[in-house]
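In this note's numbering, the protein residues as written are 374 to 539.
A short write-up of the structure that comes next.
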């Protein structure tokens, strides 16, 4: 099984460091998994996404093991996140592991702060809510015919959440 390791912290309001590793080679598949490399005011290789609501996606100067992370926050409610496309092998199994920190995250009917593989439900990690220090989450998924997957550091997730996550 190949592994995708989310190393930094989930940026879900703090740091969503995602690192991918292939089990056989231990090679990281995710670019800039700890968010340490900058491209202006954003982490290199990452982009923002919005599926509804209003929130802030920022490049934070705090990290679980390094100095940077991504943070997602909303006072009004949002379903937003940081994303990256990752090349994978079709019909292979992968593990995505990462860290999420939250502060006053109220999920309501949403899931909370989590990782998922876009359009490959139910490929998602466990969600983190409330206030928590860095919490490790992981998920396994199979690529089916896909040669590329979109990894999302989600805030909200199938609904809108408030609070902050890294």
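Glycine residues also receive a C-beta, built at the ideal position from the N, C-alpha and C atoms.
* To do: Return helix, strand or coil for residue 530, following the three-state DSSP convention.
  => coil
* Asked: So what's residue 416 in DSSP terms, helix, strand or just coil?
  -> strand
* **Limits of the unbroken beta strand (DSSP E) element including residue 512** => 503-515
* Flag this pair as yes or no: are the beta carbons of residue 473 and residue 501 separated by less than 8 Å? => yes
* Asked: For the stretch 447-461 against the stretch 416-426, are there 3 or more C-beta pairs whose distance is under 8 Å?
  -> yes
* If you pair each beta-carbon of the stretch 459-468 with each one of the stretch 527-534, do three or more pairs fall below 8 Å? -> no
* Through-space distance from residue 491 to residue 539, alpha-carbon basis -> 19 Å
* To the nearest angstrom, how far is it from the Cα of residue 445 to the Cα of residue 430? -> 5 Å
* Asked: For residue 400, is the classification buried or exposed, using 16 other Cβ atoms within 10 angstroms of its Cβ as the cut-off for buried?
  -> exposed
* Asked: Among 514, 489, 432 and 494, which one has its Cα closest to the Cα of residue 410?
  -> 432
* To do: Have a look at residue 503 and residue 475 and give me their C-alpha separation to the nearest angstrom.
  => 6 Å
* **Ranges of the alpha helix (DSSP H) found wholly within the stretch 399-482, counting only runs of at least 4** => none
* For residue 525, which of helix, strand or coil comes out of DSSP? -> strand
* **Residue of 415, 484 and 485 minimising C-alpha distance to residue 457** => 415
* **Spatial neighbours of residue 485 in its chain, beta-carbon cut-off 7 Å, leaving aside the 5 residues before and after** => 478, 500, 501, 502, 530 and 534
* Asked: Candidates 514, 417, 537 and 441: which alpha carbon is nearest residue 470's?
  -> 514
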